[in-house]
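The numbering of the sequence shown is the working numbering, which starts it at 5 and goes up by one. Heads up, the beta-carbon is just placed ideally off N, CA and C, and yes, glycines get one too. None of the values given here were measured: they were computed from a predicted structure. Here's the structure we're looking at; comments come further down.
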Amino acid sequence: MKLKTSLLMASLLFSSSISLASTGEWMKSAVNEQYNDAVQLRRDIHRHAELGNQEFRTQKVVVDFLKKQGIDVVTGWKNAPTAVIGIINPDKKNTIALRTELDALPIKENTGLPFASTMTGKYLGKDGSVSHMCGHDVHMAMLMLAAKILQQNKEKFDNRVVLIFQPAEEGDSLHDPFDKNVPLSGANALVNDGLIEKYDIKHVFGIHVMARQPAGKMLVAKGAALNSADGFHIHVDGKQSHGAMPWAGTDATLTAANIVVGLQQIVSRNADLSEGMGVITVGKLNAGETANVMSGTADMTGTVRSNHNEVRDTLIKRIPEVAEGVAGAAGAKAETQIAKIYPVTVNNPELVDKTVPLLKQNGIDAEISTWNPGASEDFSFYAAKVPSMFMFLGADYPNAKDVQNNHSDKFIVDETTMRTGIMAHLVAATAKY
Numbered sequence: 005m006k007l008k009t010s011l012l013m014a015s016l017l018f019s020s021s022i023s024l025a026s027t028g029e030w031m032k033s034a035v036n037e038q039y040n041d042a043v044q045l046r047r048d049i050h051r052h053a054e055l056g057n058q059e060f061r062t063q064k065v066v067v068d069f070l071k072k073q074g075i076d077v078v079t080g081w082k083n084a085p086t087a088v089i090g091i092i093n094p095d096k097k098n099t100i101a102l103r104t105e106l107d108a109l110p111i112k113e114n115t116g117l118p119f120a121s122t123m124t125g126k127y128l129g130k131d132g133s134v135s136h137m138c139g140h141d142v143h144m145a146m147l148m149l150a151a152k153i154l155q156q157n158k159e160k161f162d163n164r165v166v167l168i169f170q171p172a173e174e175g176d177s178l179h180d181p182f183d184k185n186v187p188l189s190g191a192n193a194l195v196n197d198g199l200i201e202k203y204d205i206k207h208v209f210g211i212h213v214m215a216r217q218p219a220g221k222m223l224v225a226k227g228a229a230l231n232s233a234d235g236f237h238i239h240v241d242g243k244q245s246h247g248a249m250p251w252a253g254t255d256a257t258l259t260a261a262n263i264v265v266g267l268q269q270i271v272s273r274n275a276d277l278s279e280g281m282g283v284i285t286v287g288k289l290n291a292g293e294t295a296n297v298m299s300g301t302a303d304m305t306g307t308v309r310s311n312h313n314e315v316r317d318t319l320i321k322r323i324p325e326v327a328e329g330v331a332g333a334a335g336a337k338a339e340t341q342i343a344k345i346y347p348v349t350v351n352n353p354e355l356v357d358k359t360v361p362l363l364k365q366n367g368i369d370a371e372i373s374t375w376n377p378g379a380s381e382d383f384s385f386y387a388a389k390v391p392s393m394f395m396f397l398g399a400d401y402p403n404a405k406d407v408q409n410n411h412s413d414k415f416i417v418d419e420t421t422m423r424t425g426i427m428a429h430l431v432a433a434t435a436k437y
């Protein structure tokens, strides 16, 4: 009896291992078959970069590709008109979403690549160059080829898969974020349009290529994966006077300088840094007209970052209080505008614990990591709604030197890393959660 039981258990374990192996094999085989198409698709998208909420050609490329595969396509979202949503296995119930971005950056590309972007466009009303210097072209190609593979093998898994091709992750190129009536944009727009509820999405997965990590390497954080991002503008009103008679006016330049110092003390004295980090940076300060006139006005703009939402809230709350207090002490006035842009991107720890081993089982060099590159992402809006997971995928060539970061005009990606990205999408989409 014991022998029969042992043989039965061995048989079950063996069957299970074959099932896992065969699942991995069809994925690997399909990725290898589709890789060259992914490269060509990526290069076409790269050549034709478009800015946030102006991704009209890109949208058409995605729609045409998905429809050619027989995938259901939904467009016409109220707050995200260039978004594309694809649905695989529409009659299934357990819904997993895979997300990518459509937009590029207002940067002139200097990579020297034969398929470099020469596109131009309008960013906040000003003409300039446009290029994919953050890797969104790579992300799109990975998800589109993963979608093709999933559609061709849809009988092999029980999940409904929602494909999110989202505009304006880098921000709305049409509206200043400090405008009082700025419309919703990017992930926030789709979330507010009811995307999660419409398809009863259980989990959302995203991938981002990153410089300074080797191609094919995948890092996944438990908890905070990326920082929040917010902006501020402070206008200081003093009283202009002759530079030789400062007592006759109120120095807006000096007041602004003291505000800059005061803002730095928010992080060191008001934020609970045992909970997380925080940064307040004044990136631009304008004051004065000429050397012998004490300025009557000053303007500064800056950014606020944190990896903890409560720390973020503290920093945002204190900025206008400090600005107004410092200005008042000098006899000036300060008016502060806050642009709340992205919350912290938080990976669900349980989802990470379930998914990373599956990635490894399917040949992906993945690990749970504490690495936070310090950037920000509107994937955070999905993660705030449902348990989600954002993965970093290395972009560097072997033995690369003087690597340029994302958002550099010389940022390049080793295209072989797309094999890993496509495979990761397949694993996430077909797993049983």
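Start and end of the alpha helix (DSSP H) containing residue i?
{"i": "residue 167", "result": "First-last for residue 167: 164-170, but that is the beta strand (DSSP E), not the alpha helix (DSSP H)."}
{"i": "residue 384", "result": "384-387"}
{"i": "residue 192", "result": "190-196"}
{"i": "residue 202", "result": "199-202"}
{"i": "residue 424", "result": "421-434"}
{"i": "residue 355", "result": "353-365"}
Can you say whether residue i is buried or exposed, counting buried as having 16 or more other CB atoms within 10 angstroms of its CB?
{"i": "residue 26", "result": "Because the pLDDT at residue 26 is just 43, under 50, the model does not fix this residue reliably, and the value given afterwards should be weighed accordingly. Classification for residue 26: exposed."}
{"i": "residue 19", "result": "Because residue 19 sits at a pLDDT of 36, beneath the cut-off of 50, its placement in the model cannot be relied upon, and the point is left open."}
{"i": "residue 251", "result": "exposed"}
{"i": "residue 71", "result": "exposed"}
{"i": "residue 277", "result": "exposed"}
{"i": "residue 431", "result": "buried"}
{"i": "residue 64", "result": "exposed"}
{"i": "residue 195", "result": "buried"}
{"i": "residue 312", "result": "buried"}
{"i": "residue 246", "result": "exposed"}
{"i": "residue 210", "result": "buried"}
{"i": "residue 249", "result": "exposed"}
{"i": "residue 221", "result": "buried"}
{"i": "residue 316", "result": "buried"}
{"i": "residue 314", "result": "exposed"}
{"i": "residue 224", "result": "buried"}
{"i": "residue 59", "result": "buried"}
{"i": "residue 296", "result": "exposed"}
{"i": "residue 129", "result": "exposed"}
What is the C-beta distance between residue i and residue j, in whole angstroms, given that I count them as a contact (C-beta under 8 Å)?
{"i": "residue 134", "j": "residue 108", "result": "5 Å"}
{"i": "residue 340", "j": "residue 323", "result": "6 Å"}
{"i": "residue 165", "j": "residue 100", "result": "6 Å"}
{"i": "residue 333", "j": "residue 240", "result": "About 12 Å separates the two Cβ atoms, so there is no contact after all."}
{"i": "residue 167", "j": "residue 89", "result": "7 Å"}
{"i": "residue 390", "j": "residue 92", "result": "At roughly 18 Å, the Cβ-Cβ gap does not stay under 8 Å, so residue 390 and residue 92 are not in contact."}
{"i": "residue 179", "j": "residue 50", "result": "Not really, about 26 Å apart at Cβ, beyond 8 Å."}
{"i": "residue 350", "j": "residue 229", "result": "7 Å"}
{"i": "residue 381", "j": "residue 394", "result": "7 Å"}
{"i": "residue 172", "j": "residue 263", "result": "The pair is not a contact, with the Cβ atoms about 31 Å apart (cut-off 8 Å)."}
{"i": "residue 413", "j": "residue 29", "result": "That pair is no contact at about 41 Å."}
Out of the options, which one is the CA nearest neighbour of residue i?
{"i": "residue 46", "options": "110, 147 and 178", "result": "147"}
{"i": "residue 176", "options": "353, 432, 343 and 403", "result": "343"}
{"i": "residue 288", "options": "70, 301 and 305", "result": "305"}
{"i": "residue 193", "options": "208, 210 and 170", "result": "170"}
{"i": "residue 422", "options": "130, 218 and 408", "result": "218"}
{"i": "residue 212", "options": "79, 246, 309 and 424", "result": "424"}
{"i": "residue 95", "options": "373, 54 and 161", "result": "161"}
{"i": "residue 131", "options": "427, 391 and 55", "result": "55"}
{"i": "residue 106", "options": "365, 139 and 227", "result": "139"}
{"i": "residue 85", "options": "74, 116, 197 and 203", "result": "197"}
{"i": "residue 345", "options": "265, 375, 308 and 416", "result": "308"}
{"i": "residue 300", "options": "362, 258 and 265", "result": "258"}
{"i": "residue 291", "options": "408, 347, 254 and 207", "result": "254"}
{"i": "residue 375", "options": "434, 404 and 227", "result": "227"}
{"i": "residue 83", "options": "36, 97 and 57", "result": "57"}
{"i": "residue 75", "options": "124, 153, 411 and 36", "result": "153"}
{"i": "residue 294", "options": "286, 270, 244 and 275", "result": "244"}
With respect to the beta strand (DSSP E) encompassing residue i, which residues constitute its N-terminal and C-terminal limits?
{"i": "residue 272", "result": "Looking at the DSSP string, residue 272 is not in any beta strand (DSSP E); the run it does join, the alpha helix (DSSP H), is 256-273."}
{"i": "residue 62", "result": "No beta strand (DSSP E) contains residue 62, which is instead part of the alpha helix (DSSP H) from 60-72."}
{"i": "residue 90", "result": "88-92"}
{"i": "residue 212", "result": "205-218"}
{"i": "residue 278", "result": "Per DSSP, residue 278 belongs to no beta strand (DSSP E) and is neither H nor E."}
{"i": "residue 380", "result": "Taken as a continuous stretch (DSSP letters only), residue 380 belongs to no beta strand (DSSP E), as it is neither H nor E."}
{"i": "residue 339", "result": "337-346"}
{"i": "residue 395", "result": "392-400"}
{"i": "residue 404", "result": "Per DSSP, residue 404 belongs to no beta strand (DSSP E) and is neither H nor E."}
{"i": "residue 370", "result": "369-372"}
{"i": "residue 180", "result": "Run containing residue 180: none; DSSP gives neither H nor E here."}
{"i": "residue 76", "result": "76-78"}
Original post:
Taking only runs of the alpha helix (DSSP H) that begin and end inside the segment 105-173, which ones reach a length of at least 4 residues, in chain order?
Top reply: Fully enclosed alpha helix (DSSP H) runs of 4 or longer: 140-156.
**OP:** Counting only runs of 4+ residues fully inside the segment 288-334, write out the alpha helix (DSSP H) ranges in chain order.
**Re:** If only complete runs of 4 or more residues are kept, the segment 288-334 shows the alpha helix (DSSP H) at 313-333, in order along the chain.
**OP:** Quick one: which unbroken beta strand (DSSP E) runs of 3-plus residues sit fully inside the segment 221-246? Chain order, please.
**Re:** Correct list: 221-224, 227-230 and 232-241.
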